[in-house]
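J.:
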Amino acid sequence: MKTDIQIAQEAKLHPIVKVAKSLGVGEDELELFGKYKAKISDEYLEKISGNPDGKLILVTAINPTPAGEGKTTTSVGLGQAFGRLGKKAVIALREPSLGPCFGVKGGAAGGGYAQVVPMEDLNLHFTGDFHAITSANNLLAALLDNHIQQGNELGIDTRQVVWKRCLDMNDRVLRNVVVGLGAKTDGTVREDHFVITVASEIMAVLCLARNLKDLKERLGKMVVAYNYQGEPVTAADLKAVGAMAALLRDAMKPNLVQTLEHTPALVHGGPFANIAHGCNSIRATKAALKMADYVVTEAGFGADLGAEKFFDIKCRIGGLKPDAVVLVATIRALKYNGGVLKEELHKENLEALKAGIVNLEKHMENLQKYGVPVIVTLNSFITDTEGEVAYVKQFCESRNCAFALSEVWEKGGEGGTELAGVVLDTLEKQESHFKVLYEDTLSLEEKIEKVAEEIYGAEGVNYSAQAKAQLKRLEKLGFGNLPVCMAKTQYSLSDNPDLLGRPRHFRIDIREAYVSAGAGFVVVLTGAVMTMPGLPKKPAAFSIDVDEEGAITGLF
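With this note's numbering applied, the sequence shown has no gaps in its numbers, which climb one by one up to 626 at the end.
1. Rounding to the nearest angstrom, what Cα-Cα distance links Glu-113 and Ala-253 in this structure?
2. Drop a sphere of 10 angstroms on the beta-carbon of Asn-216, count the other beta-carbons inside from all chains shown, and report buried for 16 or more, exposed for fewer.
3. Looking only at its own chain, which residues have a Cβ that is under 8 Å from the Cβ of Thr-204, when we skip the five neighbours before and after it?
4. Taking C-alpha atoms, which residue in Leu-194, Gly-94, Leu-148, Ala-81 lies nearest to Thr-367?
5. Quick test of your reading: Gly-486 and Ala-151, contact by CB under 8 Å. State the CB separation rounded to the nearest angstrom.
6. Hey, would you say Ser-564 sits closer than 8 Å to Pro-553, going by beta carbons?
7. Decide yes or no for the touch test of the region 430-448 against the region 396-413: beta carbon pairs closer than 8 Å, at least 3 of them.
8. With a 10 Å radius around its C-beta and 16 neighbouring C-beta atoms as the bar for buried, classify Ile-452 as buried or exposed.
9. For Phe-504, report the span of its alpha helix (DSSP H) as first-last.
10. Give a yes or no on whether the C-beta atoms belonging to Pro-166 and Leu-128 are separated by under 8 Å.
11. Check this for me: beta carbons of Gly-41 and Ala-316, under 8 Å apart or not?
12. Note down, in chain order, each residue of its chain lying with its Cβ closer than 6 Å to the Cβ of Val-15, except the 5 sequence neighbours on either side.
13. Starting from Gly-530, follow the beta strand (DSSP E) in both directions and report where the run begins and ends.
14. Between Val-462 and the ligand SAM, is there a pair consisting of the residue's CB and a ligand heavy atom that are separated by less than 7 Å?
15. Give the range of the alpha helix (DSSP H) segment to which Arg-154 is assigned.
16. To test your reading of the DSSP string, which unbroken beta strand (DSSP E) runs of 3 or more residues are found completely within the region 152-228?
17. At 3 residues or longer, what runs of the beta strand (DSSP E) sit wholly inside the region 239-291?
18. Determine, using beta-carbon pairs with one atom in the region 574-593 and one in the region 543-563, whether at least three such pairs fall under 8 Å.
19. Per the DSSP calculation, Tyr-561 is bridged to which residue(s)?
20. Which value, in whole angstroms, describes the spacing of the CA atoms of Glu-413 and Glu-618?
21. Would you give the residue range spanned by the beta strand (DSSP E) that Thr-367 belongs to?
22. Can you tell me which of Leu-330, Met-273, Met-292 puts its alpha carbon nearest to the alpha carbon of Phe-342?
23. Please report how far the alpha carbon of Asp-568 lies from the alpha carbon of Ile-345, in whole angstroms.
24. With Asn-325 as the anchor, note down where its beta strand (DSSP E) starts and where it stops.
25. Who are the Cβ neighbours of Pro-606 in its own chain at under 8 Å, not counting the five residues just before and after it?
26. Spatial neighbours of Met-189 within its chain, please: CB distance less than 8 Å, with the 5 preceding and 5 following residues excluded, ordered by chain position.
27. Given a cut-off of 8 Å, decide if Ser-476 and Thr-144 are closer than it, judged by their beta-carbon atoms.
28. Alpha carbon to alpha carbon, what distance is there between Leu-375 and Ile-383?
29. If you reduce the DSSP assignment to three classes, tell me which class Lys-439 lands in.
30. For a test of the three-state rule: what should DSSP assign to Ala-403, helix, strand or coil?
31. With DSSP as the reference, identify every bridge partner of Phe-591, one or two as the case may be.
32. Ordered along the chain, which non-local residues of its own chain (more than five positions away) have a Cβ less than 7 Å from that of Gly-124?
33. Could you pull the start and end residues of the alpha helix (DSSP H) that Cys-466 belongs to?
34. List the DSSP bridge partners of Glu-101.
35. Count the other C-beta atoms from every protein chain shown that fall within 10 angstroms of the C-beta of Thr-329, then say buried if there are 16 or more, exposed otherwise.
36. Give the range of the alpha helix (DSSP H) segment to which Arg-353 is assigned.
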């Protein structure tokens, strides 16, 4: 059986100019990065701004397990299937982070015969967007420390510096560091921290900004520290906005690539879903809606994180109204949620399936709260049995959810035509009545409790003394009207990764809260979630290599 990278490297790619032409984008409206990658120009985006919007389809999933759910694979395959049915479709995805590529999770280009290519470029340096974000983030950090060194005119309290440096790599030893050691000219000694680039507020800002003007306004609002009076100090106060915007100018432009079947894909931005809001850029999604009749996008990790944030943050800020949601599950993952060991998942086990399907049930109920039609799809594996598939189909349809089997990993777009047909039928018969979960006017605690109780199924929320004080302070500073971005483990509906299935009789522990004022949300840390991941004992990096001909191996 061929690996994902072997399939991708054997693919016959079209020149990106040809892919763009299928959308009506001329060569002079592209900024080329070689033969197979391009950025779309601001002039073209302005030209299509008056076009009618296509239909927006969100792909999300149950809570991820070691068995894998194939959310990106399904997104890519669905887009390819629309093409096979003669529909004009564009896929809008996030860019992968280097941290997971070299860690344990792998890349984010899909899999099997439902991949975005060139896969190696996409999973590694791509068009340099993450480099630009990292540079802008660390420029701001350097300007902040330099301001303190040069007399501290703004009266920054060095014990209340909240801006962190970043790196697009899993590196646990950088979570907590001390800077400024050495001579007096080397700066002020203080504790500092690193986050992974995809958790930087600048990543969120880039993904939520409508244009360069909006980008600069959002960058200026970012809180970097507090002064001795407890007042926020912003990037605008440090006069950092212009230089950061210069670094980010080209990164603001959506990237155009293709799938194995030459379906156009806009891949742009990549905030983590368990820490940040987990969606590709508003700019790319809105561009896709103007370019195609059907747009397939995804939100990271399970629907309790990705879909909730897509609806309550991205759609709220961007004015988006999704037309349908595809919820991805696998027989293997459902049995894992029912208590089966990973090594035993290949065996038929209807009792475990019935025990674990409650995880799918909760996600179905959650999505229906947003008023958007829901389609459940089973990402097919060769070990699935007819009895297991029939049980899931009956379970979904008895709960007013359409159902389709997906075989896109094995068959590409052909294996997704059943799903595409069900999506088209749903779009024709059911109107979306999208609504957010909570109103802006609720207090921050009320918003947190709404998500914890209605989406996670918690009985309540426990706040640390620190979190209580932080939330009170944020409301006093005028940030109480912002949505909340819950940072939580992806492996469970609860904040405990070991609680599988549909946990009950639990409470959510809130340990910290801080504002991302430029992005426009309040980040709420639960449980033990980390903003800088670490590498496992045997990182994926061990298997990655490049041969004498320059071909990369081991990426997945």
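All residues carry an ideal CB built from backbone N, CA and C; glycine is no exception.
T.: In short:
1. By one-based count along the sequence shown, residue 113 stands at place 43. By one-based count along the sequence shown, residue 253 stands at place 183. Spanning the two alpha carbons is a distance of roughly 50 Å.
2. Numbered from its first residue, the sequence shown carries residue 216 at position 146. Result: exposed.
3. Within the sequence shown, numbered from 1, the residue matching residue 204 stands at position 134. Taken in chain order, the residues that qualify are Cys-236, Leu-237, Asp-238, Thr-267, Ser-270.
4. On the sequence shown, position 297 is the one that residue 367 refers to. Measuring from the Cα of Thr-367, the nearest candidate turns out to be Leu-148.
5. Counted from its first residue, the sequence shown places residue 486 at position 416. Counted from its first residue, the sequence shown places residue 151 at position 81. Indeed they touch by this definition, with Cβ atoms about 3 Å apart.
6. Within the sequence shown, the letter at position 494 stands for residue 564. Within the sequence shown, the letter at position 483 stands for residue 553. Their beta carbons are not under 8 Å apart, which means Ser-564 does not touch Pro-553 by this criterion.
7. yes
8. Here the question's residue 452 lines up with position 382 in the sequence shown. By the 10 Å Cβ count, Ile-452 comes out exposed.
9. Residue mapping note: residue 504 aligns to position 434 of the sequence shown, counting from 1. Here Phe-504 belongs to no alpha helix (DSSP H), and DSSP marks it neither H nor E.
10. Residue numbering aside, residue 166 sits at position 96 when the sequence shown is read from its first letter. Residue numbering aside, residue 128 sits at position 58 when the sequence shown is read from its first letter. No.
11. Residue 41 is absent from the structure shown; the chain starts at 71 and stops at 626.
12. Since the first residue shown for the chain is 71 and the last is 626, residue 15 is missing from the structure and cannot be characterised.
13. Here residue 530 refers to the residue found at position 460 when the sequence shown is read from its first residue. Looking at the DSSP string, the run of the beta strand (DSSP E) that includes Gly-530 is 530-533.
14. Absence of the ligand SAM is noted for the structure shown, with no ligands found whatsoever.
15. By one-based count along the sequence shown, residue 154 stands at place 84. Segment 141-154, the alpha helix (DSSP H) holding Arg-154.
16. If we require 3 residues or more, the beta strand (DSSP E) runs fully inside the region 152-228 come out as 159-163, 184-187.
17. 247-249, 260-262, 264-266
18. yes
19. Position 491 of the sequence shown, counting from 1, holds the residue named residue 561. Bridge partners of Tyr-561: none, in fact.
20. Counted from its first residue, the sequence shown places residue 413 at position 343. Counted from its first residue, the sequence shown places residue 618 at position 548. If you take the alpha carbons of Glu-413 and Glu-618, they lie about 37 Å apart.
21. Within the sequence shown, residue 367 is the residue found at index 297, counting from 1. For Thr-367, the enclosing beta strand (DSSP E) has its first and last residue at 364-368.
22. Position 272 of the sequence shown, counted from the start, is the residue given in the question as residue 342. Closest option to Phe-342, Cα to Cα, is Met-273.
23. As a first step, residue 568 is located in the sequence shown; it is residue number 498 there, counting from the start. As a first step, residue 345 is located in the sequence shown; it is residue number 275 there, counting from the start. Cα-Cα distance, rounded: 19 Å.
24. Here residue 325 refers to the residue found at position 255 of the sequence shown. Per DSSP, Asn-325 belongs to the beta strand (DSSP E) from 325-329.
25. For the purposes of this step, residue 606 is taken as the residue at position 536 of the sequence shown. Once the five neighbours on either side are set aside, the close Cβ partners of Pro-606 are Gly-173, Val-174.
26. Residue 189 sits at position 119 when you count from the first residue of the sequence shown. Result list for Met-189: Asp-74, Ile-75, Ala-78, Gln-79, Gly-177, Ala-179, Leu-625, in chain order.
27. Position 74 of the sequence shown, counting from 1, holds the residue named residue 144. Position 406 of the sequence shown, counting from 1, holds the residue named residue 476. In contact: Thr-144 and Ser-476 (Cβ atoms closer than 8 Å).
28. Indexing the sequence shown from 1 puts residue 383 at position 313. Indexing the sequence shown from 1 puts residue 375 at position 305. Approximately 11 Å between the Cα atoms of the pair.
29. As a working note, residue 439 is residue 369 in the sequence shown. In this structure, Lys-439 counts as coil in the three-state DSSP scheme.
30. What you label residue 403 is simply residue 333 of the sequence shown in a count that begins at 1. Ala-403 falls in the helix class under three-state DSSP.
31. Numbered from 1 along the sequence shown, position 521 holds the residue referred to as residue 591. For Phe-591, which the question treats as bridged, DSSP gives the partners Ser-586.
32. The residue labelled residue 124 in the question sits at position 54 within the sequence shown. For Gly-124, where only same-chain residues beyond five positions count, the Cβ hits under 7 Å are Leu-359, Ala-362, Asp-363, Tyr-364, Val-365.
33. Counting from 1 along the sequence shown, the entry for residue 466 is found at position 396. Start and end: 456-467.
34. Position 31 of the sequence shown, counting from 1, holds the residue named residue 101. Answer is Lys-109.
35. Looking up residue 329 in the sequence shown gives position 259. Answer is buried; the Cβ neighbour count reaches 16.
36. Here the question's residue 353 lines up with position 283 in the sequence shown. Note, Arg-353: alpha helix (DSSP H), 352-361.
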